[in-house]
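Engineer:
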Amino acid sequence: MLERLLAVTGVNLRGLPARWGSALVIVVCLAGVTGVLVSMLAMAKGLEQTFSRAGREDRVIVLSAGEVADSASSITRAQAPLLLGLPGIARRSNGSTKAELERYTLAQLPNARTGSDDNLILRGVGAAILEVRPETRIVKGRMFAPGLRELVIGRATEGQFEGLALGREVQLSGTVWQVVGVFTDGGSAHESEAWADVEAVMMTYNQDSYSAMTAMLESRQSLQVFREAVTTNPQLSHTVASEPEYYASQTSTLSAAMRILGYVVAAIMALGAVFAAVNTMFGVVEARTVEIATLRALGFGAFPIVGSILIECVSLCVAGALIGSTVSWIAFNGYTASTMNGLSQSRVAFSFSVGGDLMFQAVTLACATGILGGLWPAIRAARMPIIEALREM
2 MLERLLAVTG VNLRGLPARW GSALVIVVCL AGVTGVLVSM LAMAKGLEQT
52 FSRAGREDRV IVLSAGEVAD SASSITRAQA PLLLGLPGIA RRSNGSTKAE
102 LERYTLAQLP NARTGSDDNL ILRGVGAAIL EVRPETRIVK GRMFAPGLRE
152 LVIGRATEGQ FEGLALGREV QLSGTVWQVV GVFTDGGSAH ESEAWADVEA
202 VMMTYNQDSY SAMTAMLESR QSLQVFREAV TTNPQLSHTV ASEPEYYASQ
252 TSTLSAAMRI LGYVVAAIMA LGAVFAAVNT MFGVVEARTV EIATLRALGF
302 GAFPIVGSIL IECVSLCVAG ALIGSTVSWI AFNGYTASTM NGLSQSRVAF
352 SFSVGGDLMF QAVTLACATG ILGGLWPAIR AARMPIIEAL REM
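Offset between the sequence shown (1-based) and the numbering used here: plus 1.
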């Protein structure tokens, strides 16, 4: 039976050049479906990667109780030394803890594309932030000097805001700030921010409390020790999250919405592709009525007939999926876009990420579409009355 299936399938596939027009309909439809699906999922995956790259298991973020983002969190100056002295935090050679108090602020700058004001995250940090975030590198210029109104900007902000470039001056809250450096952070969401001395930021914006604390732990196992030290201290009412936990909460809603939208759009398009495949394969069956009836008369059963038509349809769908996903990879992999983060109300730059996992999903969808589109015509071909079909000779 398997030999007969392979024999009939071989005949069908060798005859594709003679039916290139109908075959092209299926290929083009599936290329469009999978191209849209892969592009949408690549956008969600790229956004998730942008945030996850900033996360380390041995680094924690401390926020005020009940808050899920540093944009609404508050740590008073009285609470700061208590948090900095807790057990579990890694220490420098001089005995001080590897922890930094930060101040999250939204600054207004004109968008370079639209000219209208847009939100830029201005993060006040300590001068030793590079010890807490060793993956961060100053790639142009230098680090800001403590106490001065100097900025280092993330690589993704270059070209996003008017005047925000190395060596330029920008006005923030009515004061002039000098851009002295550009940093990278492994492609993380921090590259969409500007950093400055925390005390200079708080003085400029009349702020008297910090937003969050970022700390390196002695080890990944120290997380529980540090968390218990925070929760058992009656003077503190704060929540502790490892960076992977924190950034997962930042992107879960937006990335899930992107994925759902991608699947919904792809499902609607795939439904149209199924109907196109059904019509195309019915046309193929009608054109090969005599051939199919002859095979049946020679003793070929229903299985080789049905299987060969399904394989032909699935093969065309998979070819379309490979073309569509390849075009998406060429066009969008690494493409940089930006979106608004609903929690921080700021613009985040990210890169589309097209990988083998998304291509596998595209091929899986193509196989399902091919089976659904070819099954009905295949069954009809297998049930075709032999005598009536042979009369058409």
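Ideal Cβ placement from N, Cα and C applies to all residues, glycine included. As the structure is a prediction and not an experimental result, all values here were calculated from the model.
1. Quick test of the definition: if touching needs 3 or more C-beta pairs under 8 Å, does the stretch 223-233 touch the stretch 139-149?
2. Measure the C-alpha to C-alpha separation of Thr-185 and Glu-132 and round it to an integer number of angstroms.
3. Should Met-394 be labelled buried (16 or more other beta-carbon atoms within 10 Å of its own) or exposed?
4. Once you ignore the five residues that flank Leu-218 on each side, which residues in its own chain have a CB closer than 8 Å to its CB?
5. Curious, which full-length alpha helix (DSSP H) runs of at least 4 residues does the stretch 72-110 contain?
6. Taking only the alpha-carbon atoms, compute the straight-line gap between Val-319 and Val-177 and give it to the nearest angstrom.
7. Are the stretch 248-265 and the stretch 72-82 touching by the rule of at least three beta carbon pairs closer than 8 Å?
8. Take Arg-169 as the anchor and find which of Gly-182, Ala-157 and Gly-175 has the nearest alpha-carbon.
9. Please tell me whether Val-199 and Val-126 are closer than 7 Å, where the distance is taken between their beta carbons.
10. Got a sec, what are the start and stop residues for the alpha helix (DSSP H) Phe-227 sits in?
11. By how many angstroms is the C-alpha of Pro-245 removed from the C-alpha of Ser-329?
12. Relative to the C-alpha of Val-275, which residue among Gly-356, Gly-374 and Gln-161 is closest?
13. Check for me: the beta strand (DSSP E) holding Val-355 runs from which residue to which?
14. Taking Cβ to Cβ, would you say Ala-271 is nearer than 7 Å to Thr-370?
15. Use the C-beta contact count for Gln-236: other C-beta atoms within 10 angstroms, 16 or more gives buried, fewer gives exposed.
16. Return no unless some Cβ of chain D is closer than 7 Å to the Cβ of Phe-351.
17. Does Gly-142 come out as helix, strand or coil in the three-state DSSP assignment?
18. Per DSSP, which residues does Tyr-211 bridge with? Please list them.
19. On the criterion of 16 or more Cβ atoms from any shown chain inside 10 Å, does Val-140 qualify as buried, or is it exposed?
20. DSSP three-state call for Gly-125: helix, strand or coil?
21. Buried or exposed: where does Ile-34 fall if 16 or more other Cβ atoms within 10 Å of its Cβ makes it buried?
22. At which residues does the alpha helix (DSSP H) containing Ala-201 begin and terminate?
23. In whole angstroms, what is the alpha-carbon distance linking Ala-332 and Trp-21?
24. Let me know the secondary structure DSSP gives Asn-120 once reduced to three states.
25. If you pair each beta-carbon of the stretch 189-205 with each one of the stretch 62-74, do three or more pairs fall below 8 Å?
26. May I ask you to list the residues that DSSP assigns as paired with Asn-112?
27. By how many angstroms is the C-alpha of Arg-134 removed from the C-alpha of Ser-74?
28. Could you compute how far the alpha carbon of Val-266 sits from the alpha carbon of Phe-162?
29. Can you give the Cα-Cα distance for Gly-160 and Asp-118, rounded to whole angstroms?
30. For Ile-269, tell me which candidate among Ser-23, Leu-38 and Val-26 has the shortest Cα-Cα distance.
Structural biologist: Reading it off the structure:
1. Contact fails: fewer than three Cβ-Cβ distances are below 8 Å.
2. Start at 1 with the first residue of the sequence shown, and residue 185 comes out as number 184. Start at 1 with the first residue of the sequence shown, and residue 132 comes out as number 131. Each residue's alpha carbon lies about 14 Å from the other.
3. Taking the first residue of the sequence shown as position 1, residue 394 is located at position 393. Confidence at Met-394 is low in this model, with a pLDDT of 49, below 50, so the placement of that residue should be treated as unreliable; the coordinate-derived value is given next. Exposed is the call here.
4. Start at 1 with the first residue of the sequence shown, and residue 218 comes out as number 217. Excluding residues up to 5 positions away in sequence, Asp-59, Arg-60, Val-61, Gly-89, Ile-90, Ala-91, Leu-224 and Phe-227 lie with their Cβ nearer than 8 Å to the Cβ of Leu-218 in the same chain.
5. Whole alpha helix (DSSP H) segments, 4+ residues: 81-85.
6. Locating residue 319 in the sequence shown gives position 318, where the first residue counts as 1. Locating residue 177 in the sequence shown gives position 176, where the first residue counts as 1. Val-319 and Val-177 have their alpha carbons spaced roughly 58 Å apart.
7. With the rule of 3 Cβ pairs closer than 8 Å, the stretch 248-265 does not count as touching the stretch 72-82.
8. Within the sequence shown, numbered from 1, the residue matching residue 169 stands at position 168. Residue Gly-182 holds the alpha-carbon nearest to the alpha-carbon of Arg-169 among Gly-182, Ala-157 and Gly-175.
9. Numbered from 1 along the sequence shown, position 198 holds the residue referred to as residue 199. Numbered from 1 along the sequence shown, position 125 holds the residue referred to as residue 126. The Cβ atoms of Val-199 and Val-126 lie closer than 7 Å to each other.
10. For the purposes of this step, residue 227 is taken as the residue at position 226 of the sequence shown. 223-232 is the span of the alpha helix (DSSP H), which, as asked, contains Phe-227.
11. Translated into positions along the sequence shown, residue 329 becomes position 328. Translated into positions along the sequence shown, residue 245 becomes position 244. Cα to Cα, the separation comes out at about 29 Å.
12. The residue you call residue 275 lines up with position 274 of the sequence shown. Measuring from the Cα of Val-275, the nearest candidate turns out to be Gly-374.
13. Reading the sequence shown from its first residue, position 354 is the one you call residue 355. Premise fails: Val-355 is in no beta strand (DSSP E) and is neither H nor E.
14. Counting from one through the sequence shown, the residue named residue 271 turns up at place 270. Counting from one through the sequence shown, the residue named residue 370 turns up at place 369. The Cβ atoms of Ala-271 and Thr-370 lie closer than 7 Å to each other.
15. Start at 1 with the first residue of the sequence shown, and residue 236 comes out as number 235. With fewer than 16 other beta carbons inside 10 angstroms of its own, Gln-236 counts as exposed.
16. Of the chains in the structure shown, none is chain D; there is only one protein chain.
17. Locating residue 142 in the sequence shown gives position 141, where the first residue counts as 1. DSSP places Gly-142 in the strand class (E or B) of the three-state scheme.
18. Working through the sequence shown from its first residue, we reach residue 211 at position 210. According to DSSP, which records beta bridges pairwise, Tyr-211 is partnered with Ile-76.
19. By 1-based counting over the sequence shown, the position of residue 140 is 139. Exposed, since its Cβ has fewer than 16 Cβ neighbours within 10 Å.
20. As a first step, residue 125 is located in the sequence shown; it is residue number 124 there, counting from the start. Collapsing the DSSP output to three states places Gly-125 in a strand.
21. Mapped onto the sequence shown, residue 34 falls at position 33. Strictly speaking, residue 34 in this sequence is Val, with Ile absent from that position. Residue burial is scored here from C-beta neighbours: Val-34 has at least 16 other C-beta atoms within 10 angstroms and is therefore classed as buried.
22. As a first step, residue 201 must be located in the sequence shown, where it is residue number 200. Its alpha helix (DSSP H) spans residues 199-205.
23. Sequence index remark: in the sequence shown, residue 332 carries index 331 (1-based). Sequence index remark: in the sequence shown, residue 21 carries index 20 (1-based). The alpha-carbon atoms of Ala-332 and Trp-21 are separated by roughly 27 Å.
24. In the sequence shown, the residue the question calls residue 120 occupies position 119. Strand.
25. Contact fails: fewer than three Cβ-Cβ distances are below 8 Å.
26. Within the sequence shown, the letter at position 111 stands for residue 112. Paired residue(s): Phe-162.
27. For the purposes of this step, residue 74 is taken as the residue at position 73 of the sequence shown. For the purposes of this step, residue 134 is taken as the residue at position 133 of the sequence shown. Going by the C-alpha atoms only, they are around 21 Å apart.
28. Here residue 266 refers to the residue found at position 265 of the sequence shown. Here residue 162 refers to the residue found at position 161 of the sequence shown. Here the alpha carbons of Phe-162 and Val-266 stand approximately 33 Å from one another.
29. Position 159 of the sequence shown, counting from 1, holds the residue named residue 160. Position 117 of the sequence shown, counting from 1, holds the residue named residue 118. Those two C-alpha atoms are separated by around 14 Å.
30. Reading the sequence shown from its first residue, position 268 is the one you call residue 269. When each option's Cα is compared against that of Ile-269, the closest is Leu-38.
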